[in-house]
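Taken in order, the sequence shown gives residues -15 to 480; the numbers are from this note's numbering. Cβ atoms here follow ideal geometry from the backbone N, Cα and C, with glycine treated the same way. Here is the structure we will look at, set down as structure tokens.
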Amino acid sequence: MDGEPDLYIGGVWRHASDGGTRDIVNPARGKVAAVVDEATPEDARAAVAAARTAFDDGRWPGTPVTERAALLDRVADLLQRDKEELAALETVDTGKTLAESRIDIDDVTSVFRYYAKLIGAESDRVVDVGDPAVVSRVVREPIGVCVLIAPWNYPLLQMSWKVAPALAAGATMVAKPSEVTPLTTIAFVRLLVEAGVPPGVVNLVQGSGATLGAALTDNPAVDFISFTGGLATGRVIARTAAEHVTKVALELGGKNPHIVFADVTAGGDWDAAVDHVLTGVFLHSGQVCSAGTRLIVEESVADDFVAALVARAGKIRMGDGLDPASETGPLVSEQHRAKVESFVQLGISEGAQLVCGGRRPDEPALADGYFFLPTIFDRCERSMRIVQEETFGPILTVERFTTEDEAIALGNDTEYGLAAGVRTSDPARGERVVRALRHGTVWLNDFGYYTAAAEWGGFGRSGNGRELGPTGLAEYQELKHIWHNTAPTAAGWFKG
Ligand code: TXE
-15 MDGEPDLYIG GVWRHASDGG TRDIVNPARG KVAAVVDEAT PEDARAAVAA ARTAFDDGRW
45 PGTPVTERAA LLDRVADLLQ RDKEELAALE TVDTGKTLAE SRIDIDDVTS VFRYYAKLIG
105 AESDRVVDVG DPAVVSRVVR EPIGVCVLIA PWNYPLLQMS WKVAPALAAG ATMVAKPSEV
165 TPLTTIAFVR LLVEAGVPPG VVNLVQGSGA TLGAALTDNP AVDFISFTGG LATGRVIART
225 AAEHVTKVAL ELGGKNPHIV FADVTAGGDW DAAVDHVLTG VFLHSGQVCS AGTRLIVEES
285 VADDFVAALV ARAGKIRMGD GLDPASETGP LVSEQHRAKV ESFVQLGISE GAQLVCGGRR
345 PDEPALADGY FFLPTIFDRC ERSMRIVQEE TFGPILTVER FTTEDEAIAL GNDTEYGLAA
405 GVRTSDPARG ERVVRALRHG TVWLNDFGYY TAAAEWGGFG RSGNGRELGP TGLAEYQELK
465 HIWHNTAPTA AGWFKG
């Protein structure tokens, strides 16, 4: 950034080996905000090799757990010290509002604090094998060299969900942020260095996935790949990793249902339901893997519910995320907006009824950014591509149901399975429906919340593996069973 080297390999900040750079665009203004180094495959291979050396010589896996935990806590302190700076950088890079970026930095901090505590509390499992002479225990060891690939919608947050448990576990790593949004990850790695991460333990390369992908994933020196991104890329990575039998964890987005029963009027929670459906889909202009993009609403209240949504969607204030008056920002890039626009055309051609948005805003002040209005399609059918495919934009589709079974069937009619929401005033129905839905996170009378202590991940093609929680740490660990015979005698199996 600004002429400083941005690649961090083997404890040294470097420019790209071929001197290449990339322009990073502020999506609210359509202007270049920074120029960063663009790694070559040679740089990526050097980063993996550095992580391999740092793992194999034991400098991090051999560091006592208490020291690793203390380092994570120091990182958390530094994140809070630099919170405003990091939040502003995230806003410039992604377009999200400053309020959202600040929440992201707090989340990242809490993830570091959580794993600092968790790693300190872990203990070996003693197994009784029925022989007092044998001490048998199962211990956790770091998995080795990890490649951490993150997307552009929550750049620092998603990278930290990987880096924090990897560091806690004693693994070494190569971090590759999205080439669209690398700025906060570069700043974050500087904080890791300041906190005292030894050379080679965390390495950073940024650049196009298509160019760097093979060097990072088709590489026998890598033990684990944690990827968050699109389904198509996830498939490529899983296929490539299979060649080396490299363990892979994938978070590949979703097409998440938000089911609203007519009884939401009964308990007076109608307004909360409307509000959560609205926020669930239009926050960060829909660029959220768990966005509630499929409204599945009971027929008897559907017209009123959609009317209430349309009224509020029309009032959402779009603007530059740095402006405190903005409630939501632009799409991340011109290319991504073009993709969202093609989905709108698709919805119209499939016969869905466009009742709101579907175009760019008129305000001249927004003309240079990649803004797109909150969009609602009513009268959708489950077979439509606009209902089944992830648009990753501010597009809500509306389907209607008449029975609970039908609502569940619609909610499960997706190849994904990341998240779902259910709104009902009937707790028994709520529990029934929540248990019947095949999604990794299900919110009952709420939407969008998560915590460092609870697992995050998907069923179906939303991926495999989990982040956060104890399982998010276990991803970065191997289990080893140690059988120690303290009084060995001959087995006597062979008599000769
Ligand atoms: O993602 P990619 P894209 C979905 C969303 C979006 C679609 C495509 O629907 O429209 O994915 O977005 C790196 N080997 N999500 O194209 O390509 C890439 O450089 C190794 C859902 O931007 O999956 C970036 O760092 N890495 C998602 C990361 O993969 C490769 C969030 C993600 O980019 C690579 C974002 C390769 N061959 C988009 N190709 C979610 N789960 O939240 C690319 N990359």
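Just mark residue 451 as buried or exposed, buried being the case when its beta carbon has 16 or more other beta carbons within 10 Å.
buried
Could you work out which residue in 380, 171, 128, 212 is closest to residue 65 when comparing CA atoms only?
171
Residue 322 and residue 189 closer than 8 angstroms at C-beta
no
With a threshold of 8 angstroms between beta-carbons, can residue 143 be considered close to chain C, or not?
Protein chain content of the structure displayed is limited to a single chain, and chain C is not contained in it.
DSSP on residue 346, reduced to helix/strand/coil?
coil
With a Cβ-Cβ cutoff of 8 angstroms, do residue 447 and residue 262 count as a contact?
no
Since residue 166 contacts residue 392 with CB under 8 angstroms, what's their CB separation in whole angstroms?
Between residue 392 and residue 166 the Cβ distance is about 41 angstroms, and since that is not below 8 angstroms, they are no contact.
Please report the residue range of the alpha helix (DSSP H) in which residue 482 lies.
With the chain running from -15 to 480 in the structure shown, residue 482 is simply not present.
Is any heavy atom in the ligand TXE found nearer than 7 angstroms to the beta carbon of residue 292?
no
Would you list the residues sitting across from residue 465 in a DSSP beta bridge?
122
Close beta carbons around residue 292, own chain, < 7 angstroms, minus the five adjacent residues each side:
258
Is the beta carbon of residue 457 less than 8 angstroms from the beta carbon of residue 424?
no
Of all the options 418, 464, -11, 365, which has the alpha carbon lying nearest to the alpha carbon of residue 174?
-11
Buried versus exposed, by CB contacts within 10 Å (16 or more), residue 113:
exposed
Restricting to runs no shorter than 4 residues, where is the alpha helix (DSSP H) found entirely within the stretch 179 to 257?
193 to 201, 215 to 228
Does the beta carbon of residue 130 fall short of 7 angstroms from some heavy atom of the ligand TXE?
no
Going by other Cβ atoms of all chains shown within 10 Å of its Cβ, with 16 needed for buried, is residue 15 buried or exposed?
exposed
Do you know offhand how far residue 411's Cα is from residue 4's?
58 angstroms
So, does the stretch 152 to 164 touch the stretch 32 to 39, judging by three or more C-beta pairs under 8 angstroms?
yes
I believe residue -2 touches residue 22 by the beta-carbon criterion, under 8 angstroms. Please report the beta-carbon distance rounded to the nearest angstrom.
That pair is no contact at about 12 angstroms.
Cβ-Cβ distance between residue 75 and residue 85 below 8 angstroms
yes
Between which residues of its own chain and residue 91 is the CB-CB distance below 6 angstroms, once the five residues before and five after are set aside?
141
Candidates 286, 268, 278: which alpha carbon is nearest residue 254's?
286
Between the Cα of residue 247 and those of 61, 233, 272, 282, spot the shortest distance and give me the residue it belongs to.
282
Specify whether the stretch 207 to 220 and the stretch 95 to 114 touch according to this definition: at least 3 beta carbon pairs, one from each stretch, less than 8 angstroms apart.
no
So, at 7 angstroms on beta carbons, what are the nonlocal neighbours of residue 467 in its own chain, with the 5 sequence-adjacent residues on each side left out?
118, 120
Member of 396, 122, 145 whose CA lies at the smallest distance from the CA of residue 421
396
Pull up the distance between the alpha-carbon of residue 304 and that of residue 79, whole angstroms please.
7 angstroms
Report all residues from its chain with a CB closer than 6 angstroms to the CB of residue 31; omit the five preceding and five following residues, and keep chain order.
-7, 158, 187, 189
Say yes only if the C-beta of residue 161 is nearer than 7 angstroms to one or more non-hydrogen atoms of the ligand TXE, and no if none qualify.
yes
Nearest CA to the CA of residue 470: which residue from 176, 274, 302, 116?
116
Going by alpha carbons, who is nearest to residue 109 out of 455, 184, 288, 122?
122
At the level of alpha carbons, what is the spacing between residue 145 and residue 433?
15 angstroms
For the ligand TXE, any of its heavy atoms closer than 7 angstroms to the Cβ of residue 239?
no
Is it buried or exposed, residue 185, if we count other Cβ atoms within 10 angstroms and call 16 or more buried?
buried
Considering only heavy atoms of the ligand TXE, does any lie closer than 7 angstroms to the CB of residue 308?
no
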